[in-house]
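Protein chains: 2
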Amino acid sequence: MTVAKPSNWQEIQAEVQRRIYEREWPPGRIIPGEVDLAEEFGVARATVNRALRELAETGLLERRRKAGTRVALHPVSKATLEIPVIRQEIESRGMEYGYRRLSIDKGGHEASAEVPIAGQVLHIRALHIADGAPYVHEERWISLETVPKAAKLGFEEVSANEWLLANAPYTRGDIEITAGASEGHVAEALEAAAGTPLLVIRRVTWDHDAPVTCVRLTYAAGHKLTTQLGG
Amino acid sequence: MTVAKPSNWQEIQAEVQRRIYEREWPPGRIIPGEVDLAEEFGVARATVNRALRELAETGLLERRRKAGTRVALHPVSKATLEIPVIRQEIESRGMEYGYRRLSIDKGGHEASAEVPIAGQVLHIRALHIADGAPYVHEERWISLETVPKAAKLGFEEVSANEWLLANAPYTRGDIEITAGASEGHVAEALEAAAGTPLLVIRRVTWDHDAPVTCVRLTYAAGHKLTTQLGG
DNA sequence: TGGCTCATTATGTCTATACATAATATCATG
DNA sequence: CATGATATTATGTATAGACATAATGAGCCA
């Protein structure tokens, strides 16, 4: 009995992956061209293209016009980090969400490496709570030149995290993940002893060239950021 | 003079993104069907499909058969984290790569939450060095049942990080990012004062259901993990 | 040897058409 | 009114053919 020939792009993708994993096509090897594979599998070239394109996007294959397709020598694995709204992150873990604004002030601001926003800025500190326990401390700067509507708001009930998502679109952003020691206000809010290692995510978003907001999220001790490889 | 009509899938994608950012199509709104958009832009439906599919994959759109395509209410942003081989990570920053194996031992092992590998295991500790300074400490367990070839190796010159990539394929993996305090061996190897907050990445990879390797990478103080949103 | 042009080639994209599939809306029936 | 069969509809996928584009390599010339 013969093995079913792959007939759709998902099966072809799986078969190509298998050949790579099994070392039939070792790293560096140039694999047959789309036309050959299409003929082998008995499908159209576009179908093979669809299968291979995705593998190239995830870094398993390297494709160049004329040169052909080769198995990546160093399959730089790409893991996708999902960055949900904090309320959803908490609720999806089956915990009750709570929010407390700690402080808010408005004023002129000079752009710095840490907070690359110049001009009038709204500065907010807040705490997100899961099942009554501090979950993450949010310190945020919002550019009032890019998001003037934010000036009228107090962010006492709705977090800036949520409001901005629905009201201030961005086109791109930078993310930075580090480990920091808890200190000062943040340590206090998170009820963490000074010096406790905490996971810090800094995010700056832009609407084209205009800075929208810069946020520094400090997670409570022990927080884990998880994701998957492959799939 | 009229604005050039988008004519390829990238331009159509950009135009759709623009309409979403500019709130012409606010969150939750059902956007015109592929056929309508194809007609509007004067392209084939497949081209529109190509443009919209990618936007749905990144979470900006939600598509359902028959129901149509709507702008996501909570655009869960997805950032891709690239996980290169450490040598490449260092060399791509223009620094000189160095490697030192610290210890190696072999023996039976019970599966635990931290190291979910049972049976004969190779346990290696090593240090990756950038321009002479400690860069990241690697503590690794390799399943000798899944990767028997590794048993003969000493990993004195070539890091397990590199060898495994070329010799032990995996089909899936879990990644966990946390902040930890430096201590013991690791603190010493990284030349970090005890208690310094350090970024820790734990990764477990599997070949189907067989565990391949489990690694705990502890980065030197101040290390930043960066990535981008959008594009 | 070095640099230029040009044909070749594999991937990238688009089109028109067709059928598949999932989900909804409609309608007949009890 | 509830329910289940059925028609409808938007997306999902496949196809053959065509042209676009980038990179290579060969051949030519200085």
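The listed protein sequences correspond, in order, to chains A and B.
Its first residue numbered 1, the first sequence is counted upward by one per residue in the numbering used here.
Its first residue numbered 1001, the second sequence is counted upward by one per residue in the numbering used here.
The C-beta atom is built at its ideal place from N, Cα and C for all residues, glycine as well.
Can you round the beta-carbon distance between residue i and residue j to whole angstroms, since I take them to be within the 8 Å contact cut?
i, j, result
"B/A1130", "B/I1090", "4 Å"
"A/T205", "A/V212", "5 Å"
"B/R1101", "B/E1156", "5 Å"
"A/A179", "A/L199", "6 Å"
"B/G1028", "B/R1070", "6 Å"
"B/L1225", "B/P1134", "In fact, because the Cβ distance is near 17 Å, the residues do not count as touching under 8 Å."
"A/A79", "B/I1142", "At roughly 21 Å, the Cβ-Cβ gap does not stay under 8 Å, so A/A79 and B/I1142 are not in contact."
"B/V1048", "B/L1061", "B/V1048 to B/L1061, Cβ: 12 Å. No contact."
"B/V1043", "B/G1059", "In fact, because the Cβ distance is near 24 Å, the residues do not count as touching under 8 Å."
"A/V85", "A/E162", "6 Å"
"A/L144", "A/V121", "6 Å"
"B/G1230", "A/T146", "Between A/T146 and B/G1230 the Cβ distance is about 16 Å, and since that is not below 8 Å, they are no contact."
"B/G1098", "B/G1132", "7 Å"
"B/H1123", "B/V1136", "About 17 Å; that fails the 8 Å criterion."
"A/K106", "A/A51", "Not a contact, Cβ separation roughly 53 Å."
"B/A1194", "B/E1183", "6 Å"
What's the call for residue i, buried or exposed, on a 16-neighbour Cβ count within 10 Å?
i, result
"A/S7", "exposed"
"A/T2", "Because the pLDDT of A/T2 is 49, which lies under 50, any placement of that residue in the model is unreliable, and the question is left without a value."
"A/G173", "buried"
"A/L81", "buried"
"B/I1030", "exposed"
"B/P1026", "exposed"
"B/R1216", "buried"
"B/Q1013", "buried"
"B/A1113", "exposed"
"A/S92", "exposed"
"B/R1203", "buried"
"A/S103", "exposed"
"A/R53", "exposed"
"B/Q1228", "exposed"
"A/Q88", "exposed"
"B/Q1010", "exposed"
Could you work out which residues of chain B lie near residue i, taking near to mean beta carbons separated by less than 8 Å?
i, result
"A/H123", "Neighbours of A/H123 on chain B: none; closest Cβ ~22 Å, over 8 Å."
"A/H74", "P1084, V1085, Q1088, L1165"
So residue i contacts chain A; which residues on that side make the cut at Cβ distance below 7 Å?
i, result
"B/S1077", "I83"
"B/Y1021", "P169, T171"
Closer than 8 Å by beta-carbon distance: list the chain A residues that pair up with residue i, in chain order.
i, result
"B/T1080", "K78, A79, T80, L81"
Using the beta-carbon of each residue, which ones in chain B are nearer than 7 Å to residue i?
i, result
"A/P27", "A1166"
"A/T69", "The contacting residues do not exist; A/T69 stays about 18 Å from chain B at best."
Against residue i, what residues of chain A qualify as contacts under a CB-to-CB distance less than 9 Å, listed in chain order?
i, result
"B/T1047", "Here the premise fails: no neighbours, minimum Cβ distance about 13 Å."
Cβ-based contacts, 8 Å cut-off: residues of the region 1166 to 1177 of chain B near chain A: A1166, P1169, Y1170, T1171, R1172, G1173, D1174, I1175, E1176, I1177
Contact list for the region 1214 to 1231 of chain B against chain A, Cβ threshold 9 Å: Y1219, A1221, G1222, H1223, K1224, L1225, T1226, T1227, Q1228, L1229, G1230, G1231
Chain A contacts from the region 1175 to 1203 of chain B (Cβ-Cβ distance under 7 Å): I1175, E1176, I1177, T1178, A1179, G1180, A1181, G1195, P1197, L1198, L1199
The region 1131 to 1157 of chain B: positions lying closer than 9 Å to chain A by Cβ: none
Those runs of the alpha helix (DSSP H) which lie wholly inside the region 1148 to 1226 of chain B and span at least 4 residues: 1160 to 1167, 1184 to 1190
Contiguous beta strand (DSSP E) assignments of at least 3 residues, all confined to the region 83 to 112 of chain A: 97 to 109
Runs of alpha helix (DSSP H) wholly within the region 1025 to 1057 of chain B (minimum 4 residues, chain order): 1034 to 1041, 1045 to 1057
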